[in-house]
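Student:
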Amino acid sequence: MKKKIITKSDMKYGASYDKETDTVNFKLASYSAQNVILCIFRNSVGDIPFLQVEMEKDGHVFKANIPKNKLFKKRDYFYYGYRVFGANFPKITGYKEGSDVGFISKSDNAGNRFNPNKLAYDPYSVELSHIESVVSSDMNAFRSGDMNYLSDNCKIAPKSVFKIIKETKIRKTSERALKDEIIAEVHIKDLTRLTKTFKRGTYLAASFFAKEIKKTGVTMVEFLPVTEFDSFAEKGNHWGYMPLNYFAPKKAYSSDKTPYGALYEFRKMVDAFHKNDLKVCLDVVYNHTGEGKIYGDNDDANLFSYALIDNKNYYKLAQNAYYTNHSGCGNDLNTLTSISTDLIVDSLSFWINQGVDAFRFDLAVCLMDTSSSGYAMYDKTGGVLSILKKRLEDLGHKILLPHEKGSGVHLIAEPWMCSGAYNYQLGNFPDYFSEWNDISRDTIRLISVSPERVAPISIRNVLEGTPSKFSKLRSINYVACHDGFTLFDINTNNRPNPKTIGGFLGEICSDYDGDIEIQNNEIRKQILILMVSYGIPMIQFGDIFLHSKQGINNSYNLDNEINRIDYKLDKRKTKLSLYIKELINFRKNNPIFSETYYNDRLEYFYPQGSKINDNHESYWKNPNSNIICFKVNDINGCYYIAISKDKNRIELTLPYNLKNKKWYLIADTRKDFINQKGEKYENEKYILEPLSACIFKEK
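Here the working numbering is used: the first residue of the sequence shown is 12, the next is one more, and so on.
1. Under 9 Å, do T206 and F220 count as touching if we go by C-beta distance?
2. Specify whether the stretch 29 to 42 and the stretch 363 to 374 touch according to this definition: at least 3 beta carbon pairs, one from each stretch, less than 8 Å apart.
3. Measuring alpha carbon to alpha carbon, tell me which residue in K23, L399, P78 is nearest E31.
4. Helix, strand or coil for M379 per DSSP?
5. From P467 to I455, what does the alpha carbon distance come to, in whole angstroms?
6. Could you tell me whether the Cβ atoms of A216 and Q551 are closer together than 9 Å?
7. Near Y28, what residues of its chain come up, given a Cβ to Cβ distance below 6 Å and the 5 sequence neighbours on each side ignored?
8. Which residues does DSSP pair with H421 in a beta bridge?
9. Got a sec: does the ligand PLP put a non-hydrogen atom nearer than 8 Å to the Cβ of R182?
10. If I'm right that L722 touches N686 with Cβ under 8 Å, what's the distance once you round it to whole angstroms?
11. Using a Cβ-Cβ cutoff of less than 7 Å, which residues in the same chain neighbour E108 once the five nearest sequence positions on both sides are dropped?
12. Name the two residues that bound the continuous beta strand (DSSP E) containing T34.
13. How about N600 and M549: are their beta carbons less than 9 Å apart?
14. For G438 versus S479, is the C-beta spacing smaller than 9 Å?
15. Which runs of the alpha helix (DSSP H), 4 residues or longer, sit entirely within the stretch 433 to 505?
16. Does the Cβ-Cβ distance between V395 and Y297 come in under 9 Å?
17. Kindly provide the ranges of any beta strand (DSSP E) runs that are 3 or more residues long and lie completely inside the stretch 260 to 302, ordered along the chain.
18. Would you mind stating whether I706 and I623 have Cβ atoms separated by less than 9 Å?
19. Could you tell me which residues DSSP pairs with D69 in its beta bridges?
20. Return the first residue and the last residue of the beta strand (DSSP E) that Q687 is part of.
21. Report the residue from E65, S118, F100, D311 whose alpha carbon sits nearest the alpha carbon of G156.
22. Assess contact between the stretch 311 to 331 and the stretch 384 to 394, defined as three or more Cβ pairs (one per stretch) separated by less than 8 Å. Is contact present?
23. Report the option in G341, D357, L378 whose CA atom is closest to the CA atom of L3.
24. Here's a check: name, in chain order, each residue in its chain whose Cβ is nearer than 6 Å to the Cβ of E67, leaving out the five neighbours to either side.
25. From L362 to K708, what does the alpha carbon distance come to, in whole angstroms?
26. Using a Cβ distance threshold of 8 Å, determine whether the stretch 447 to 454 contacts the stretch 417 to 433, with at least three qualifying pairs required.
27. In its own chain, which residues sit with a C-beta less than 6 Å from the C-beta of G553, not counting the 5 before and 5 after it?
28. Helix, strand or coil for N596? Go by DSSP, reduced to three states.
29. Output needed for N502: all residues of its chain with C-beta closer than 6 Å, excluding positions within five of it in sequence on either side, in chain order.
30. What are the start and end residues of the alpha helix (DSSP H) that includes R535?
31. Is the beta carbon of D730 sitting closer than 9 Å to the one on Y160?
32. With distances taken Cα to Cα, identify the nearest neighbour of F240 among T585, H299, K180.
33. Between S360 and E178, which are expected to be in contact by the criterion C-beta below 8 Å, what is the C-beta distance as a whole number of angstroms?
34. Give me the Cα-Cα distance between K262 and V137, rounded to the nearest whole angstrom.
35. Should M150 be labelled buried (16 or more other beta-carbon atoms within 10 Å of its own) or exposed?
36. If you run the structure through DSSP and keep just helix, strand and coil, what is V56?
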């Protein structure tokens, strides 16, 4: 039986129950607010508050302590929100909901957007009652323009839900370093939506599906965002990269719709994954929120929570108090201020306390932003990164290096932003971060799609984990992720489907003139290269089953069969899927490929058997050198691997064996099966078919 941890849900801010005083205590942070009225509701929609309390101001924190018996009547939960006053709309005598008493401006040059006519939910909520678009599809009830700024929206606004949380036990996984993981990226709903699993598309269904995930060989599941967001915003939002809250698990993914049912069900899912020795990684979005859309005029914006509570400290502002947009999503989180850094640290701590093992930070260069001018400047020693590790470890959370084993959490960065000075920061994160490596992604694709553009030195760079950028297994290697084509579509399409909304037109892809044999070979070869490269391999879970998005390379808004993984495979995909699973298990069963010293064990050879030295530039830098062969020296048995981008057969001379040892063929990408034990090979020569790759093991 694996050890268990007790979940923890106490937070620095938000609402919490104090058993000693039998009160519910509310804390709201705002450095700019002047007054806050706490509003308590019986129902989420249609009610006016049954209790309103002016909160006590203590520095930048507003507090209220209310006896439990005043809040719970016949039910063990209630709803609440805040009316917040400040410089552009101060609280003065005579103010009534829906009035302009005290109103000065919709926004001001300092960046304030206070409007007590709009109810704000608590940024530290662990559940929201509902989503804005459910009650106002045009968002008019939440806008601050001339037509809407005086309308009181408390009857329909989303509210924070409060219930006394019952802590539960969650199993722990075996202690492994990140270097030993094989990561599978997947959307929680798409994982089971097309299965017969009970309550498919939910956390509960995912927990039942954990055994099936384990069978593929992957060891860590990286979920696309699961914190609350609006699925119906704009043209649809399926992936979840527009967060409304950083603590509340999305209710639509829960089969349990009762208050806090989503949180409890999420915990059950983590426990089930851990029971199957699968780690859980969350994709987190701290670069922007799904709130502050501007409707042309800067005075007309969506106001849900953060903007109403402390707009200029939660968001980064440019000239004339407009939101900056270096994330490409409309409103950048101000990662320099205490209120935002607290939010990020407290959110991470909360999820760690729910059993989460790792985090992937979307557009993580936002954490490096050191500019307060609105013109983003990224510096790896500044921003949240300067305090993140210490703050988390002060809260009792060990941050593990990628090669460290132990009880703790791993951090993964997407090392770029959409704009800002020095917005591409591959390899520049602190050593406790691993990073998505787009160099390995593009090179592995180019070996197949445009081999004439790839010299052996570039292939070696991938095999050795991009050493010019990374050290000690910090590279997250991948061929495809949620952004862009799937693995199958990379190798069966020449261009994106024109129906794609906002997809990247320059996909590295090919259909190889429709030659299915070559397509299959390239798919196998790409995953083979991924699994023998230094770093941590990541694969889309759907790619294990050759999922196709029909050439659509930006499916962020599609809650349909384009994204849902179909496990009913035809004969072709069945064979490819088995091959991919065998490669995953080859990686797991041969630990040399995840060792820190892997690169020190490599020797490179010409196909005729002589060694290649580092100074053989005529080979390394020549794109016409069409094959790379290398030996991995290990006391438990050596390996010989050859990767060809030549359209002709190549005769290989296998390296000499140690005494009483022989070469055994494990894999050839021109064959549709892998022999994990190996097929004994007696000859010293091996014919490598065009464009293929092979693996031998010495035994």
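Beta carbons are placed, not taken as given, at the ideal position from N, Cα and C, and that holds for glycine.
Tutor: Let me lay it out:
1. Yes, the pair counts as a contact, with Cβ atoms nearer than the cut-off.
2. no
3. When the alpha-carbon of E31 is set against those of K23, L399, P78, the nearest one is in P78.
4. helix
5. 12 Å
6. Contact flag unset, no.
7. V35, I175
8. A369
9. As presented, the structure is devoid of all ligands, the ligand PLP included, so that no description of it is given.
10. Residue 722 falls outside the range modelled here, since the chain spans only 12 to 710, and no answer is possible.
11. N128, D163, C165
12. 34 to 40
13. no
14. yes
15. Whole alpha helix (DSSP H) segments, 4+ residues: 449 to 460, 467 to 474, 498 to 501.
16. yes
17. Given a length threshold of 3 residues, each whole run of the beta strand (DSSP E) inside the stretch 260 to 302 is given here in chain order: 290 to 295.
18. no
19. Beta-bridge pairing links D69 to V72.
20. Where Q687 is concerned, the enclosing beta strand (DSSP E) stretches over 685 to 692.
21. D311
22. With a cut-off of 8 Å, the stretch 384 to 394 and the stretch 311 to 331 count as touching, because enough Cβ pairs lie within range.
23. Nothing about residue 3 can be read from this structure; the chain reaches only from 12 to 710.
24. K74
25. Here residue 362 is Trp; the residue named in the question, Leu, does not match the sequence. When rounded, the distance between both Cα atoms is 42 Å.
26. yes
27. I576
28. helix
29. Only Q530, E533, I534 meet the Cβ criterion.
30. 527 to 542
31. Any property of residue 730 remains undetermined from this structure, which presents the chain solely from 12 to 710.
32. F240 has its Cα closest to that of H299, out of T585, H299, K180.
33. Not confirmed; about 15 Å, so no contact.
34. 10 Å
35. The residue is buried, with at least 16 neighbouring Cβ atoms inside 10 Å.
36. DSSP places V56 in coil when its eight states are reduced to three.
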